[in-house]
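If you're matching them up, the sequences are chains R and D in order.
Letter by letter, the first sequence follows residues 136 to 315 in the working numbering.
Letter by letter, the second sequence follows residues 136 to 315 in the working numbering.
Protein chains: 2
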Amino acid sequence: MQKFDINIEAVLMTPDPNSFVTASLESIEVDLGGIPNDRHYGLLRCADVRQKFYPKGTLIANRRQLTVVSVEECAEIAARLGVPKILPEWLGANMLISGYPDLTLLPQGARFIFTSGAGLICEGDNPPCLGPGKIIEAFYVQPELKARFVAEADNRRGIVCSVECPGIITNKQKAQILIP
Amino acid sequence: MQKFDINIEAVLMTPDPNSFVTASLESIEVDLGGIPNDRHYGLLRCADVRQKFYPKGTLIANRRQLTVVSVEECAEIAARLGVPKILPEWLGANMLISGYPDLTLLPQGARFIFTSGAGLICEGDNPPCLGPGKIIEAFYVQPELKARFVAEADNRRGIVCSVECPGIITNKQKAQILIP
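Set out below in structure tokens:
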């Protein structure tokens with residue numbers, strides 16, 4: 136088992152089911168369905184284009200409860216797009232970490248363990264789509280950014296996680312990544 | 136995505152919380168907690184020696200809902216132990232498959248998709264312990280089999296799964312393994 140110390144730079148959520156743009160909070164409390172009141176909260180979710188082996192809309196276990204991105208990868212995306220910054224809010228992130236390079240390559244089954252005892256499991260990378268690209272394009276008023284985001288954020292857009300152990304995740308804390 | 140056709144040779148469960156020896160049924164119906172009334176059923180389970188990063192007994196997401204073994208690997212364990220057969224019942228298996236070599240090496244995140252639409256996710260291999268060894272030793276009345284099972288079943292004892300999509304799993308059917 137490999138262990139890495141990381142920093143929790145921000146925790147975020149959105150209660151708005153019509154927008155994936157998140158907002159920063161002091162802390163979030165997670166249970167087995169994710170972050171209560173967040174738009175991705177739930178034990179179940181509808182199968183979509185990512186799970187083509189189920190009919191679209193089939194209720195399946197929700198393994199995409201939280202989105203995690205890193206300071207380092209957001210900076211790398213920004214550099215590649217030639218813009219000053221990419222905010223975790225625009226990516227719909229629920230957690231921003233620093234101190235772990237190549238977060239997006241973290242293997243499925245890796246864990247985040249927090250000082251409260253809470254724990255998340257990595258469910259794999261989160262392939263970039265046009266949604267965040269539209270937000271970035273609108274902010275910088277550069278019409279080509281939407282499509283360029285999808286290309287430049289590939290393998291840098293972070294991961295999705297589900298909750299293994301309920302508890303509180305507070306910003307500006309240390310945490311650990313465990314890789315089996 | 137790689138696809139493999141497999142055969143469901145048996146489905147099994149045990150309602151007895153004091154014994155992990157399972158018994159064969161015509162079909163099982165799974166929900167998000169596993170097989171209702173099975174001893175491993177539940178959305179939550181207590182952290183144990185496998186999850187040392189949580190205090191023992193902490194309630195965590197139950198990712199060890201079903202145990203899957205294969206005809207090929209059971210035969211290989213039997214051959215290595217020098218016994219005529221190893222029954223899936225003795226391993227506490229909930230499903231016996233055939234047609235896929237090296238089941239135990241199936242990567243975490245691989246899926247079983249059934250004709251009913253039900254789906255399981257592989258949560259990784261199931262390291263052998265003394266429990267099934269005791270059953271095998273008692274059956275064959277050979278005192279050294281318990282410890283030998285732990286050694287010879289390493290990387291051949293099958294996997295654990297959790298339910299992604301509820302539904303019915305019937306024995307003597309075809310199914311598919313999908314590897315991302």
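Note that CB positions come from ideal geometry on N, CA and C, so glycine has one too.
As the structure is a prediction and not an experimental result, all values here were calculated from the model.
The Cβ of VAL156(R) sits no closer than 9 Å to any Cβ of chain D.
When CB distances to chain D are screened at a threshold of 7 Å, the residues of the segment 161–175 of chain R falling below it are LEU167, in chain order. Taking C-beta separations shorter than 7 Å and ignoring five residues to either side along the sequence, the partners of LYS220(R) in its chain run ALA213, following chain order. In its chain, beyond the 5 residues on either side, SER233, PRO236 have a beta carbon closer than 7 Å to the beta carbon of GLU207(R). At a cut-off of 9 Å between C-beta atoms, ILE314(D) does not count as an interface residue with respect to chain R. Closer than 9 Å to the CB of LEU240(D) there is not a single CB belonging to chain R. Contact annotation for CYS300(R) against chain D: TYR189, THR193, ILE195 [CB-CB distance below 7 Å, chain order]. Taken atom to atom, the span from the alpha-carbon of SER297(D) to that of GLY217(R) is near 43 Å. Contact note: GLY254(D) reaches chain R through PHE188, TYR189, ILE195, using a C-beta cutoff of 8 Å and chain order. For VAL285(D), the closest alpha carbon among the candidates LEU265(D), ILE271(D), ARG215(D) is that of LEU265(D). Residue pairing by DSSP puts LEU160(R) in a beta bridge opposite VAL146(R).
Going by C-alpha positions, ARG198(R) is about 17 Å away from PRO190(R). Contacts with chain D at 9 Å (Cβ-Cβ) do not include ILE143(R).
The contact set of ARG180(R) on chain D, defined by CB atoms closer than 8 Å, is empty, because the minimum CB distance reaches about 11 Å.
Excluding sequence positions up to five before and after CYS181(R), its CB lies within less than 6 Å of the CB of GLY192, all in the same chain and listed in chain order. If you draw a straight line from the Cα of LEU194(R) to the Cα of CYS300(D), it is about 7 Å long. Separation of the CB atoms of PRO267(R) and LEU226(R) is rounded to 5 Å, and the pair is thereby assigned contact status at 8 Å. Under a criterion of Cβ atoms nearer than 9 Å, the residues of chain D adjacent to ILE248(R) are, in order, PHE188, TYR189. At a cut-off of 9 Å between beta carbons, SER159(D) makes no contact with chain R. Under DSSP, ALA196(R) shares a beta bridge with LEU179(R).
Under DSSP, ILE294(D) forms a beta bridge with VAL203(D), ASP260(D).
When C-beta distances to chain D are compared with 7 Å, the residues of the segment 257–269 of chain R below that value are GLY259, in chain order. Taking ASP260(D) as the centre and dropping the five residues before and after it, the same chain places the C-beta of THR239, ILE294 closer than 6 Å to its C-beta, in chain order.
If the five residues before and after GLY168(D) are omitted, its C-beta is found closer than 8 Å to the C-beta atoms of TYR176, GLY177, LEU178, ASN197, GLN200, VAL298, all from its own chain and listed in chain order.
Considering only ALA253(R), ARG292(R), LEU313(R), ASP289(R), the residue with the shortest C-alpha distance to THR305(R) is ALA253(R).
SER233(R) is outside the set of residues whose beta carbon lies under 9 Å from a beta carbon in chain D. Any Cβ of chain D closer than 9 Å to the Cβ of ARG198(R) would place that residue at the interface, and such an atom is present.
Per DSSP, reduced to three states, the secondary structure at PHE247(R) is strand. Within the DSSP secondary-structure output, SER233(D) pairs in a beta bridge with ASN142(D).
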